[in-house]
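Peer 1: Take 195 as the starting number for the sequence shown in the working numbering and just add one per residue. This is the structure I want to talk about, given as structure tokens.
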Amino acid sequence: MSALPDSLPLVTDLDVKRSYAVDASFGATAPADFEVVRARDTDDVVEVMRYANAHRIPVVPQGARTGLNGAAVATEGCIVLNTERLDTVKTVDPLEQIAVVGPGVVTEELKQAARAEGLFYPPDPASAASSTLGGNVATNAGGLCCIKYGVTADYIRGLEVVLPGGEVITTGRRTAKSSAGLDLTGLFVGAEGTLGVVTKIVTRLVPAPEDALTVLATFPDLEAAAQAIVALRRDPQPPCLLEFLDAFAIAAVQDLADYGFPEDCGAALLVQSDRTGHVAEDVARYATLMESAGADEIAIADDPQESDALLAGRRVLNTALEAKGPNLIEDMCVPVGELPTLVTRGREICAAHGVEVTLPGHGGDGNLHPSTYFDPTDPDSNARGHAAFSDLVDLAISLGGTISGEHGIGTIKAPYLRRQVGDAAIARMRALRGVFDPHGICNPGKSYA
Ligand SMILES: Cc1cc2nc3c(=O)[nH]c(=O)nc-3n(C[C@H](O)[C@H](O)[C@H](O)COP(=O)(O)OP(=O)(O)OC[C@H]3O[C@@H](n4cnc5c(N)ncnc54)[C@H](O)[C@@H]3O)c2cc1C
Numbered sequence: 195m196s197a198l199p200d201s202l203p204l205v206t207d208l209d210v211k212r213s214y215a216v217d218a219s220f221g222a223t224a225p226a227d228f229e230v231v232r233a234r235d236t237d238d239v240v241e242v243m244r245y246a247n248a249h250r251i252p253v254v255p256q257g258a259r260t261g262l263n264g265a266a267v268a269t270e271g272c273i274v275l276n277t278e279r280l281d282t283v284k285t286v287d288p289l290e291q292i293a294v295v296g297p298g299v300v301t302e303e304l305k306q307a308a309r310a311e312g313l314f315y316p317p318d319p320a321s322a323a324s325s326t327l328g329g330n331v332a333t334n335a336g337g338l339c340c341i342k343y344g345v346t347a348d349y350i351r352g353l354e355v356v357l358p359g360g361e362v363i364t365t366g367r368r369t370a371k372s373s374a375g376l377d378l379t380g381l382f383v384g385a386e387g388t389l390g391v392v393t394k395i396v397t398r399l400v401p402a403p404e405d406a407l408t409v410l411a412t413f414p415d416l417e418a419a420a421q422a423i424v425a426l427r428r429d430p431q432p433p434c435l436l437e438f439l440d441a442f443a444i445a446a447v448q449d450l451a452d453y454g455f456p457e458d459c460g461a462a463l464l465v466q467s468d469r470t471g472h473v474a475e476d477v478a479r480y481a482t483l484m485e486s487a488g489a490d491e492i493a494i495a496d497d498p499q500e501s502d503a504l505l506a507g508r509r510v511l512n513t514a515l516e517a518k519g520p521n522l523i524e525d526m527c528v529p530v531g532e533l534p535t536l537v538t539r540g541r542e543i544c545a546a547h548g549v550e551v552t553l554p555g556h557g558g559d560g561n562l563h564p565s566t567y568f569d570p571t572d573p574d575s576n577a578r579g580h581a582a583f584s585d586l587v588d589l590a591i592s593l594g595g596t597i598s599g600e601h602g603i604g605t606i607k608a609p610y611l612r613r614q615v616g617d618a619a620i621a622r623m624r625a626l627r628g629v630f631d632p633h634g635i636c637n638p639g640k641s642y643a
């Protein structure tokens with residue numbers, strides 16, 4: 195690679211540099227040749243994009259590297275352009291109910307800044323304590339409360355983006371509505387850094403709801419839990435959180451510490467309401483619904499502290515699953531009515547390949563994260579693991595679902611995207627990319643690009 199301008203904040207320490215080469219995806223490794231720039235401001239981003247475009251060098255935009263699909267992993271000869279230092283909450287405006295933030299602001303920090311003004315930024319990825327808004331925008335992140343509040347795209351009003359060549363464009367609006375031209379903001383949300391680098395984000399905020407209360411229900415088997423999910427979805431006031439754990443996930447959590455799940459239960463649901471003025475009444479009704487669907491044990495929180503305690507087991511789920519060994523995390527979303535088939539067939543598929551699997555996730559959205567356990571260093575185990583992964587992808591598509599509910603496509607799912615969207619759609623996505631990035635320097639090889 196030709197030498198980058200001295201004025202840029204390059205990472206020179208080799209170990210630190212290598213730590214910026216990978217995200218949290220399964221089996222990610224650093225390439226031999228790459229540079230890392232930790233941009234201080236939009237000007238640094240402009241300079242990198244101008245230089246990279248002129249020299250046809252690939253740029254990998256990057257946030258906190260919590261991504262699970264390889265989209266932020268360095269590629270051979272690339273410049274990793276990290277935006278964590280663009281971390282200022284510039285405005286929280288209670289009248290307009292918006293915030294203006296840099297892409298490096300950590301999700302939880304925006305939530306706290308909004309809360310200080312009596313407002314709420316709802317998107318709640320389980321990684322909220324470390325992921326950045328730039329990464330959330332680029333992956334269209336979801337999380338635990340999508341059943342009521344939706345995903346990141348539902349809260350992004352406008353963006354500032356630096357395009358290859360260094361041009362800075364502003365998309366979208368600050369106002370409550372706008373009918374002016376094409377929705378360019380929507381194109382950048384979920385683009386996984388393939389169109390440009392986001393340097394400013396305008397988010398919508400909503401009035402802060404009441405503190406949520408939680409119900410934990412355990413079930414003898416999956417079928418009963420699935421029936422309960424359907425009943426809760428049909429409730430005129432559906433929950434703000436509806437998480438599903440299978441027996442493997444429950445056992446993994448209990449192996450870490452006692453999080454209050456009884457032994458030998460087949461499945462568990464964690465359900466919350468935050469509906470102002472109706473929280474206690476809602477959770478009591480959810481408990482009755484789950485009892486009718488076959489729950490055998492139910493615990494209802496009386497106050498926010500108990501509520502947090504009941505949810506604590508879900509919050510440590512990723513750690514608990516990691517403690518069981520290296521696992522490849524899937525992310526698929528199916529119509530809620532197909533959840534029982536996804537779980538039953540998913541288990542059968544993995545058993546046929548001799549691969550252990552757990553299928554917990556955001557049950558209320560039909561968005562599960564099947565995690566498969568295999569040894570990537572053992573060729574036979576690795577082949578069986580990837581065969582199971584491929585069959586799970588086909589299963590989600592055959593059920594009318596999507597191969598990614600919230601994590602994005604990255605490199606891990608890039609070979610499968612065509613199966614879901616088809617050749618014509620991929621061709622149009624690539625043509626659109628050419629409008630913003632004619633030389634294809636932005637995160638090539640990721641997702642559709
Ligand atoms: C324990 C754990 C739990 C998780 N739980 C959830 C969950 O509940 N829901 C969920 O949706 N995800 C979850 N994730 C995945 C991950 O946290 C999200 O995908 C998150 O949005 C990534 O943010 P990041 O800042 O780490 O981005 P990175 O991983 O650094 O990058 C992700 C993508 O964003 C692009 N990008 C980053 N910054 C910019 C920028 N400024 N401009 C343009 N593109 C950019 C990158 O190129 C890449 O394509 C979880 C991950 C972990 C490790």
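Beta carbons: idealized from backbone N, C-alpha and C, even for Gly.
1. For the beta strand (DSSP E) containing T206, name the first residue and the last one.
2. Return the chain-ordered list of same chain residues with a C-beta closer than 6 Å to the C-beta of R250, the five sequence neighbours on each side being excluded.
3. Where does the unbroken alpha helix (DSSP H) through T513 begin, and where does it stop?
4. Where does T605 sit, in a helix, a strand or coil, going by DSSP?
5. What do you reckon, are the CB atoms on P414 and G384 nearer than 7 Å?
6. Between the Cα of Y245 and the Cα atoms of G519, L357, I350, L338, which residue gives the shortest distance?
7. On the three-state DSSP scale, how would you describe G387?
8. Please tell me whether, using a cut-off of 6 Å, the distance from the CB of S486 to the nearest non-hydrogen atom of ligand 1 is below it.
9. Compute the distance between the beta-carbons of E311 and V286, then report whether it is under 7 Å.
10. How is F438 classed by DSSP in three states: helix, strand or coil?
11. Would the beta-carbon of S213 be found less than 6 Å away from any heavy atom of ligand 1?
12. Rounding to the nearest angstrom, what Cα-Cα distance links D468 and Q306 in this structure?
13. Classify Q466 as buried or exposed, calling it buried when 16 or more other Cβ atoms lie within 10 Å of its own Cβ.
14. With a CB to CB cut of under 6 Å and the five nearest residues on each side skipped, what residues in its chain are close to K518?
15. Can you check whether the CB of G594 is closer than 7 Å to the CB of P529?
16. Compute the distance between the beta-carbons of L262 and H601, then report whether it is under 7 Å.
17. Would you grab the beta carbon distance between V242 and V253 for me? Rounded to a whole angstrom, and I think it's under 8 Å.
18. Give the secondary structure of S213 by DSSP, where H, G and I count as helix, E and B as strand, and everything else as coil.
19. Are the CB atoms of V294 and K284 nearer to each other than 7 Å?
20. State the Cα-Cα distance for the pair A581 and R627, rounded to the nearest angstrom.
21. Say yes only if the C-beta of R259 is nearer than 6 Å to one or more non-hydrogen atoms of ligand 1, and no if none qualify.
22. Opposite T566 in the DSSP bridges: which residues?
23. Is D237 near ligand 1 - that is, is its Cβ less than 6 Å away from at least one heavy atom of it?
24. With DSSP run on the structure shown, which of helix, strand or coil describes C164?
25. At a threshold of 6 Å, does T365 count as lining ligand 1 (C-beta to nearest heavy atom)?
26. What are the boundary residues of the beta strand (DSSP E) that includes L413?
27. Using the beta-carbon count (16 or more within 10 Å), is V210 buried or exposed?
28. Going by C-alpha distance, which of L511, D497, G271 is nearest A441?
29. As a quick exercise: from T236, R232, P432, pick the residue whose alpha carbon is nearest that of T364.
30. Going by DSSP in three states, R469 sits in which element: helix, strand or coil?
31. Since E417 and P609 are thought to touch, with beta carbons under 8 Å apart, how far apart are those beta carbons, to the nearest angstrom?
Peer 2: This is what the structure holds:
1. Looking at the DSSP string, T206 is not in any beta strand (DSSP E), and its letter there is neither H nor E.
2. Within the same chain, R250 has close Cβ partners H633.
3. First-last of the alpha helix (DSSP H) with T513: 511-517.
4. Here T605 sits in coil by DSSP.
5. Contact: no.
6. Among G519, L357, I350, L338, the Cα nearest to that of Y245 belongs to L357.
7. Of the three classes helix, strand and coil, the one that applies to G387 here is coil, per DSSP.
8. Not so, every heavy atom of ligand 1 lies at least 6 Å from the Cβ.
9. Cβ atoms of E311 and V286: closer than 7 Å.
10. In the structure shown, the three-state DSSP call for F438 is strand.
11. Checking the Cβ of S213 against ligand 1 gives no.
12. The alpha-carbon atoms of D468 and Q306 are separated by roughly 17 Å.
13. By the 10 Å Cβ count, Q466 comes out buried.
14. Taken in chain order, the residues that qualify are A446.
15. Yes, Cβ-Cβ distance for P529 and G594 is below 7 Å.
16. Taking 7 Å as the cut-off, the Cβ atoms of L262 and H601 count as close.
17. Confirmed, about 7 Å.
18. Assignment of S213 by DSSP, reduced to helix, strand and coil, places it in the helix class.
19. Result yes, Cβ atoms of V294 and K284 sit closer than 7 Å.
20. Straight-line Cα distance between these residues: approximately 31 Å.
21. Result yes, Cβ under 6 Å from ligand 1.
22. In DSSP, T566 forms a bridge with L522, V551.
23. Judged by the Cβ position, D237 fails to qualify as a neighbour of ligand 1 at the 6 Å threshold, every heavy atom of the ligand being at least this far.
24. No statement about residue 164 is possible, as the shown extent of the chain runs from 195 to 643 and does not include it.
25. It does not: the Cβ of T365 is nowhere closer than 6 Å to a heavy atom of ligand 1.
26. A small correction: the amino acid at residue 413 is Phe; Leu does not occupy that position in the sequence shown. First-last of the beta strand (DSSP E) with F413: 407-413.
27. Classification of V210: exposed, given that the 10 Å Cβ count is below 16.
28. Looking from the CA of A441, the closest CA among L511, D497, G271 belongs to L511.
29. Minimum Cα distance to T364 is reached at T236.
30. Residue state, collapsed to three classes: coil.
31. Between P609 and E417 the Cβ distance is about 34 Å, and since that is not below 8 Å, they are no contact.
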